[in-house]
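There are 2 protein chains.
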Amino acid sequence: MSVTLSIDAMGGDFGPQVTIPASLTCLQKNPNLKLIMVGDQTILNELLADALITFKDRISIQHASQVVEMDEPPQKALKNKKDSSMRVAINLVRDGEADACVSAGNTGALMATARFVLKMIPGIDRPAIISTLPSVFGHTHMLDLGANVDSSAEHLYQFAVMGEEVVKAVENIERPRIGLLNIGEEDMKGNEQVKAAAKLLENSSLNYIGYVEGNSINAGNIKVDLIVTDGFVGNVALKSIEGAAKMISTKLKASFSQNLLTKLAGLVAYPVLKLFKDSIDPRLYNGASFIGLRGLVIKSHGGADALAFETAIHLAEVEVGHDVIRKISERIEKALEQKVTE
Amino acid sequence: MSVTLSIDAMGGDFGPQVTIPASLTCLQKNPNLKLIMVGDQTILNELLADALITFKDRISIQHASQVVEMDEPPQKALKNKKDSSMRVAINLVRDGEADACVSAGNTGALMATARFVLKMIPGIDRPAIISTLPSVFGHTHMLDLGANVDSSAEHLYQFAVMGEEVVKAVENIERPRIGLLNIGEEDMKGNEQVKAAAKLLENSSLNYIGYVEGNSINAGNIKVDLIVTDGFVGNVALKSIEGAAKMISTKLKASFSQNLLTKLAGLVAYPVLKLFKDSIDPRLYNGASFIGLRGLVIKSHGGADALAFETAIHLAEVEVGHDVIRKISERIEKALEQKVTE
């Protein structure tokens, strides 16, 4: 099946310097992939001169005269940057010319623009950001990672329903195990929203396994496929984990750099340390999906390098291949019908 | 200066098996330390027979006939366990017989009991849990770690005021750098409570440096001495970091256990890996302080081993030595006077 993606070629901390090599690698790897590179056509024409020949009709350029800055307030971007690479890339999804869009641009502006251009799936109150994190069991999906603050119980429930469809599609599992992030596993723990969301989840057809704590994201006692939480909490957890990984790798490196002896030990251990480093490489987990919208938008880390951006493009290919947005929409429609019938 | 601590000898997953060896090591290390071991006197008399001779008047036993279970609901413990080792240990602080209490018991029950027995410092609405986490800059203090959910802006502000006194005392720094945990560093980010708390902190005399994100706990770009957040968020962040550290060490171990060659490399690198492991040993960060109460209670991790419990006892010694509770009380009193004068 052919997949067409629009790439915000100018987005992220490094723009075309990263988005182009990543895009070309993906085209090379997947013969069914087509890419529309969105951005300044003078710049892109020059950088893509060879690629336009090599990949012929599988790559094209769509001009956009503006770029959203990484620290630009979302509302300003929405108002003043109607011809930004980000906005034009999302327009292509709305118009059915691309199956999904990938951007490393400013998260707030990307979410605001995606929401404005694509609109919500009817029945969903708020879009959410979902991503994959490594765990001792393989990996875990988590949402919301920062689209929402102060999520109500009903919002948390909707996140679970949408997240389940993503996990089912991407992981090819029938009934993903869903946990609700809390500060204890006992019934009495947590805030009111979480307690009320637990009731909704218990009474649903979802495979809800109960409360999970922060350590369950990476290394709980039992496997959980999907962790549901408010965007404030999810974002803090995600970034806390990033900080912990960075501190640990800094200290590991420092331990091997102390003196000649430790450096020699490091040389001997190098192949093993390299394997270890690769096994927790955050670039292999880059890419978060905005869900709840009538079109798929994948957000890459702003500081992504080519390998990381490649991972985000690959995530878009997989989710388009599994028709995630249609599945979420159908699921929500069914849920709404049930509500009306009840 | 002599310090007297009451030890909940029966608390935690392992009870006297852990609390006694840790206590004896501390007595050995600090000749100015006195301990009151609280628990079943038949058990303690037998286990402490030698110690009662070695340390003479520096160790004593206070009988308590009950033990609070690790999963016992706080309200039940409060009602039915009036002679628990936890309760009696806290009573000793209230009665001025101990300067602080250390317990590895059930957090919820410990907090409820401490609050009930010791009462709040006038002017403080809610107690908070503060602890130290390792960072690339040394370490960072963070509160609240789970005593409160749904903290208001005023609560967050009070946490900052109390936390500052702890950091000043323990770290011996004049004006600790205080950050407010948020999901972005820009002004517009975050929920209403956090935005309102930022205003209160900006207008205070505290050394407030602005919003910090989750990665700043362990590895931010700038040093922050104290991170302030709601207990739900703080607890999730703390446990997410625990999970990340566990996953990473599991993967590191697995990398060196793959085959004979990697095992040999591990043997060569062993001294370095050991140093590294020690540098991130969570047992050296065990112990959280309950603050906002009219007496000091230190909570140890329930699963603490003797070394970890020793760290918690040491934390109590330091905070008592620096008269943290009196300093917080005076500070709050002054702040209240100012409010009245304004």
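Residue numbers (the working numbering), protein chains in the order written: chain A, 1 to 342; chain B, 1 to 342. Yeah, the Cβ is synthetic: ideal placement off N, Cα and C, and Gly gets one too.
Margin query: Looking at A/PHE276: is its Cβ nearer than 8 Å to the Cβ of B/LEU252?
Written below: yes
Notebook entry, point to check: The alpha helix (DSSP H) with B/LEU206 in it runs from where to where?
Noted result: Here B/LEU206 belongs to no alpha helix (DSSP H), and DSSP marks it neither H nor E.
Margin query: Distance check for A/PHE116 and A/GLN41, CA to CA, integer angstroms please.
Written below: 25 Å
Next item on the list: Flag A/LEU181 as yes if its beta-carbon sits less than 8 Å from any beta-carbon of chain B, otherwise no.
Entry: yes
Checklist line | Residue of B/ASN286, B/PHE14, B/ILE328 and B/LYS223 minimising C-alpha distance to B/HIS139 | finding: B/LYS223
Notebook entry, point to check: Interface residues of chain A around B/SER135 at Cβ under 7 Å?
Noted result: MET247
Item checked: Cβ contact check for the stretch 44 to 57 of chain A and the stretch 108 to 123 of chain A: 3 or more pairs under 8 Å -> no
Item checked: Stretch pair the stretch 235 to 244 of chain A + the stretch 198 to 218 of chain B: three plus CB contacts closer than 8 Å -> yes
Next item on the list: Could you please tell me which residues of the stretch 213 to 224 of chain A, in chain order, have their CB closer than 8 Å to any CB of chain B?
Entry: GLU213, GLY214, ASN215, SER216, ILE217, ASN218, ALA219 and GLY220
Item checked: Cβ shell of B/GLY360 (< 6 Å), same chain only, five flanking positions each side left out -> For chain B, the structure presents residues 1 to 342; residue 360 of chain B sits outside this window and is missing.
Item checked: Buried versus exposed, by CB contacts within 10 Å (16 or more), B/PRO271 -> exposed
Check: Within 8 Å (strictly less), CB to CB, does A/VAL236 reach chain B?
Finding: yes
Checklist line | Span separating the alpha-carbon of A/ILE298 from that of A/PRO176 | finding: 22 Å
Checklist line | Residues that DSSP places opposite A/MET111 in a beta bridge | finding: BP columns for A/MET111 are empty, so no partner.
Next item on the list: Using a Cβ cut-off of 7 Å, pull out every chain A residue sitting near B/THR132, in sequence order please.
Entry: By Cβ distance, chain A contributes nothing, its closest Cβ being about 14 Å from B/THR132, past 7 Å.
Note to self: Is it buried or exposed, B/ASP225, if we count other Cβ atoms within 10 angstroms and call 16 or more buried?
What the structure shows: buried
Notebook entry, point to check: Going by DSSP, what residues sit across from B/GLN66 in a beta bridge?
Noted result: B/SER84
Note to self: Between A/GLY275 and chain B, is the shortest Cβ-Cβ distance under 8 Å, so that the two count as touching?
What the structure shows: Here the sequence assigns Leu to residue 275 of chain A, which means Gly is not the residue at that position. Interface residue, yes.
Note to self: I need the straight-line Cα distance from B/GLN75 to B/THR113, nearest angstrom please.
What the structure shows: 9 Å
Note to self: So for A/VAL228, helix, strand or coil by DSSP?
What the structure shows: strand
Next item on the list: Specify whether the stretch 94 to 110 of chain B and the stretch 300 to 318 of chain B touch according to this definition: at least 3 beta carbon pairs, one from each stretch, less than 8 Å apart.
Entry: yes
Next item on the list: Since I believe B/ALA64 is in contact with B/VAL38 (beta carbons under 8 Å), could you give me their beta-carbon distance rounded to a whole number of angstroms?
Entry: 5 Å
Notebook entry, point to check: Measuring CA to CA, which of A/GLU165, A/ASN191 and A/LYS246 is closest to A/ASN207?
Noted result: A/GLU165
Next item on the list: With a cut-off of 8 Å on the beta carbons, I'd call B/ASP83 and B/LEU5 a contact; round off their distance for me.
Entry: Contact flag wrong, Cβ pair sits at about 20 Å.
Next item on the list: Output the distance between the C-alpha atoms of A/ARG58 and A/GLU317, rounded to the nearest integer angstrom.
Entry: 14 Å
Notebook entry, point to check: Helix or strand or just coil, what does DSSP make of A/HIS301?
Noted result: coil
Note to self: Buried or exposed for B/ASN259, going by 16 or more other Cβ atoms inside 10 Å?
What the structure shows: exposed
Notebook entry, point to check: B/ASP8: which of B/GLN66, B/ALA89 and B/GLU154 sits nearest, CA to CA?
Noted result: B/ALA89
Next item on the list: Please confirm whether A/GLY179 and A/ILE248 have their CB atoms less than 8 Å apart.
Entry: no
Margin query: Out of B/GLU174, B/LEU156, B/VAL167 and B/VAL233, which one is the CA nearest neighbour of B/ALA196?
Written below: B/LEU156
Next item on the list: For A/MET37, write down the residues that DSSP places opposite it in a beta bridge.
Entry: A/ILE7 and A/ILE61
Margin query: Bridge partners for A/PRO134 per DSSP, in chain order?
Written below: A/HIS139
Notebook entry, point to check: So who's on the other strand from B/CYS101, going by DSSP bridges?
Noted result: B/SER6 and B/VAL297
Item checked: Per DSSP, the bridge partner or partners of B/SER289 -> B/ILE130 and B/ILE298
Check: To the nearest angstrom, how far is it from the Cα of B/ASP13 to the Cα of B/THR19?
Finding: 10 Å
Check: How big is the Cα-Cα spacing for B/GLU333 and B/GLN17?
Finding: 42 Å
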